[in-house]
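**Student:** Chain order of the listed sequences is A and B. Note that the numbering used here has the first sequence beginning at 1058, numbered continuously upward. Note that the numbering used here has the second sequence beginning at 1058, numbered continuously upward. All C-beta atoms, glycine included, are put in the ideal place defined by N, C-alpha and C.
Protein chains: 2
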Amino acid sequence: MKITYKGDYALKTILDLARHYGNSPVTIHDLAKRADIPIKFLEQILLDLKRGGFVESRRGKVGGYLLAKEPSGIKLGEVIRFIEGPIEPIACVSKNYQGCNSIYNCVLREVWQWVNKATCGIIDNITFEDLLKKIEDSDCTISYQI
Amino acid sequence: MKITYKGDYALKTILDLARHYGNSPVTIHDLAKRADIPIKFLEQILLDLKRGGFVESRRGKVGGYLLAKEPSGIKLGEVIRFIEGPIEPIACVSKNYQGCNSIYNCVLREVWQWVNKATCGIIDNITFEDLLKKIEDSDCTISYQI
DNA sequence: ATAATCCCTATTGTATTAGTAGAGTATACC
DNA sequence: GGTATACTCTACTAATACAATAGGGATTAT
Ligand code: FES
Ligand code: FES
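(1) Can you tell me the Cβ-Cβ gap for A:Ile1179 and B:Val1172, rounded? I've got them flagged as a contact below 8 angstroms.
(2) What did DSSP end up calling B:Val1164 once you bin it into helix, strand or coil?
(3) Excluding sequence positions up to five away, which residues of its chain have a Cβ less than 7 angstroms from the Cβ of B:Leu1072?
(4) Report the rounded CA-to-CA distance for A:Glu1113 versus A:Ile1060, giving the unit in angstroms.
(5) Count the C-beta pairs between the segment 1113 to 1124 of chain B and the segment 1077 to 1084 of chain B that are closer than 8 angstroms, then say yes if the count reaches three, no if not.
(6) Ignoring anything shorter than 3 residues, give me the beta strand (DSSP E) runs that lie fully in the segment 1101 to 1163 of chain A, in order along the chain.
(7) Measure from the C-beta of A:Ile1147 to each C-beta in chain B and report whether the shortest distance is under 9 angstroms.
(8) Going along chain B, which residues have a C-beta under 9 angstroms from A:Thr1176?
(9) Closer than 9 angstroms by beta-carbon distance: list the chain A residues that pair up with B:Ile1179, in chain order.
(10) Got a sec: is the Cβ-Cβ distance from A:Leu1103 to anything in chain B below 9 angstroms?
(11) May I ask you to report which of helix, strand or coil DSSP gives A:Thr1176?
(12) Taking Cβ positions only, does B:Leu1133 come closer than 9 angstroms to chain A?
(13) A:Lys1097: buried (16+ other C-beta within 10 angstroms of its C-beta) or exposed?
(14) Which residue comes first and which comes last in the alpha helix (DSSP H) that contains A:His1086?
(15) Under the assumption that A:Tyr1122 contacts A:Leu1104 (Cβ atoms under 8 angstroms), give the Cβ distance between them as a whole number of angstroms.
(16) Quick check: A:Ile1140 and A:Ala1067, are their CB atoms within less than 9 angstroms of each other?
(17) By Cβ distance below 7 angstroms, which residues in the same chain neighbour A:Thr1176 in space, the five residues on each side in sequence not counted?
(18) State the CB to CB distance for the pair A:Lys1132 and A:Ile1183, rounded to an integer number of angstroms; the pair is presumed to be in contact (CB under 8 angstroms).
(19) Over what stretch of residues does the alpha helix (DSSP H) that includes B:Asp1181 continue unbroken?
(20) Consider the C-beta atom of A:Arg1166 and the heavy atoms of ligand 1; say whether any pair is separated by less than 8 angstroms.
(21) Quick check on B:Lys1063 - is its C-beta less than 9 angstroms from some C-beta in chain A?
(22) Over what stretch of residues does the alpha helix (DSSP H) that includes B:Gly1079 continue unbroken?
(23) So is the beta-carbon of A:Leu1147 under 8 angstroms away from any non-hydrogen atom of ligand 1?
(24) Just confirm the distance between the C-beta atoms of B:Tyr1062 and B:Leu1124, as a whole number of angstroms; I'd bet it's less than 8 angstroms.
(25) Look at the alpha carbon of A:Arg1108 and the alpha carbon of A:Gln1101, and state the distance between them as a whole number of angstroms.
(26) Which of the three DSSP states, helix, strand or coil, is assigned to B:Thr1198?
Now the structure itself:
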């Protein structure tokens, strides 16, 4: 798996929205500023995230973005897969792959399947609520500021 | 981590050479044919692998390529890192990274560090001898052919 | 000599990535 | 109703990486 800027930005944005879950909408301006994301790039990302059902938006004055579900209902893996596509290290890992030309090389495939499984085991078992909890528990809480 | 064609080809080629370890050199023609790799692309890859100290070559007639070390002395991770560069999913995972602008986002960094650790735990603990053993043990041995 | 082999650099076509640009639409508030 | 403040959408672009391809050159067994 490789995380692109777009994916990184998407996760940071959702995390920010998770921190403000239950409150009034957050403007793209604030989101962009806090995570240091080019605003026009973030625009596209938020559009994507909306289509993916991760965020909602309110237009007009006092508008902004909101998380569409509870932080506990969004797993890291979902967002990553939606934004980045398949996460496996190489295409032949997927179930319905035809197999390579030589059975001797397929031992490599098995290795990639392990790697894939290990990765999924992590990102599919972490929700944004878990991340929020981690932030709270950390000793960084002192420098908290919106 | 994402495996490119180049990396995939490199691993398959070293595995092939591992299977012929201790015998006479294997020609690029045979390597390319068995793994279905464009021969001119493989040329470059073998040049790289030579510079990396993974393979040796004999020029002229009856020349070819040989593994430079025992299969048990080459880990998957070494080859991957040499061919593909850093394997971490995102740059900020590396030790001496400055840290992002917001401590709230750094919980993500920790996730990537887990993913990275899990991946390294796999690829840095598998040698090409392990792969050879895996091939022997598998029931595919029947259709063995050089 | 010659055929088979490896050695090396340069170039190319395509796709992906990380933005930028610029127009449009909705809403709160006076 | 006008206007400022927000979100919406499509198109474009510069830079880079990827996956080869091309074309010569050097070495060695026979
Ligand atoms: S199927 Fe990918 S290496 Fe055999
Ligand atoms: S350092 Fe990468 S997310 Fe904070």
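**Tutor:** Put simply:
(1) By one-based count along the first sequence, residue 1179 of chain A stands at place 122. By one-based count along the second sequence, residue 1172 of chain B stands at place 115. Contact holds; Cβ gap of about 5 angstroms.
(2) Along the second sequence, one-based indexing puts residue 1164 of chain B at 107. DSSP places B:Val1164 in helix when its eight states are reduced to three.
(3) Start at 1 with the first residue of the second sequence, and residue 1072 of chain B comes out as number 15. The answer, listed in chain order, is Phe1185, Leu1188.
(4) Along the first sequence, read from residue 1 onward, the residue named residue 1113 of chain A stands at position 56. Along the first sequence, read from residue 1 onward, the residue named residue 1060 of chain A stands at position 3. Distance between the alpha carbons of A:Glu1113 and A:Ile1060: 24 angstroms.
(5) At 8 angstroms Cβ cutoff, the stretches touch.
(6) Scanning the segment 1101 to 1163 of chain A for uninterrupted beta strand (DSSP E) segments of 3 residues or longer gives 1112 to 1115, 1121 to 1124, listed from N- to C-terminal end.
(7) Translated into positions along the first sequence, residue 1147 of chain A becomes position 90. Closer than 9 angstroms: yes.
(8) Mapped onto the first sequence, residue 1176 of chain A falls at position 119. What A:Thr1176 touches in chain B: Met1058, Pro1146, Val1172, Ala1175, Thr1176.
(9) Counting from one through the second sequence, the residue named residue 1179 of chain B turns up at place 122. The contacting residues are Val1168, Trp1171, Val1172, Ala1175.
(10) Residue 1103 of chain A sits at position 46 when you count from the first residue of the first sequence. By this cut-off, A:Leu1103 is not an interface position.
(11) The sequence position of residue 1176 of chain A within the first sequence is 119, counting from 1. If DSSP states are grouped into helix, strand and coil, A:Thr1176 belongs with the helices.
(12) Here residue 1133 of chain B refers to the residue found at position 76 of the second sequence. Taking Cβ atoms only, chain A reaches closer than 9 angstroms to B:Leu1133, which makes this a yes.
(13) Translated into the one-based positions of the first sequence, residue 1097 of chain A becomes position 40. Result: exposed.
(14) In the first sequence, counting from the first residue as 1, residue 1086 of chain A sits at position 29. First-last of the alpha helix (DSSP H) with A:His1086: 1085 to 1092.
(15) Within the first sequence, numbered from 1, the residue matching residue 1122 of chain A stands at position 65. Within the first sequence, numbered from 1, the residue matching residue 1104 of chain A stands at position 47. Actually they are not in contact, since the Cβ atoms of A:Tyr1122 and A:Leu1104 sit about 11 angstroms apart, beyond 8 angstroms.
(16) As a first step, residue 1140 of chain A is located in the first sequence; it is residue number 83 there, counting from the start. As a first step, residue 1067 of chain A is located in the first sequence; it is residue number 10 there, counting from the start. Yes, they are a contact pair.
(17) Numbered from 1 along the first sequence, position 119 holds the residue referred to as residue 1176 of chain A. The beta carbon of A:Thr1176 lies closer than 7 angstroms to those of Met1058, Ile1144 in the same chain, with the five residues before and after it left out.
(18) Taking the first residue of the first sequence as 1, we reach residue 1132 of chain A at position 75. Taking the first residue of the first sequence as 1, we reach residue 1183 of chain A at position 126. Beta-carbon to beta-carbon, A:Lys1132 and A:Ile1183 are separated by about 7 angstroms, close enough to satisfy the 8 angstroms threshold.
(19) Within the second sequence, residue 1181 of chain B is the residue found at index 124, counting from 1. Where B:Asp1181 is concerned, there is no enclosing alpha helix (DSSP H), because DSSP gives it neither an H nor an E.
(20) Here the question's residue 1166 of chain A lines up with position 109 in the first sequence. Yes, Cβ of A:Arg1166 sits closer than 8 angstroms to a heavy atom of ligand 1.
(21) For the purposes of this step, residue 1063 of chain B is identified with residue 6 of the second sequence, where counting begins at 1. It does not; no Cβ of chain A falls within 9 angstroms.
(22) Counted from its first residue, the second sequence places residue 1079 of chain B at position 22. No alpha helix (DSSP H) holds B:Gly1079; DSSP gives it neither H nor E.
(23) Mapped onto the first sequence, residue 1147 of chain A falls at position 90. According to the sequence displayed, residue 1147 of chain A carries Ile and not Leu. Yes.
(24) Locating residue 1062 of chain B in the second sequence gives position 5, where the first residue counts as 1. Locating residue 1124 of chain B in the second sequence gives position 67, where the first residue counts as 1. About 21 angstroms separates the beta carbons of B:Tyr1062 and B:Leu1124, which is beyond the 8 angstroms limit, so they are not a contact pair.
(25) Locating residue 1108 of chain A in the first sequence gives position 51, counting from the first residue. Locating residue 1101 of chain A in the first sequence gives position 44, counting from the first residue. Cα to Cα, the separation comes out at about 11 angstroms.
(26) Taking the second sequence and counting its residues from 1, one reaches residue 1198 of chain B at position 141. Note that B:Thr1198 has pLDDT 45, beneath the 50 cutoff, so the model's placement of it is unreliable and the number below is only indicative. B:Thr1198: helix per DSSP, three-state reduction.
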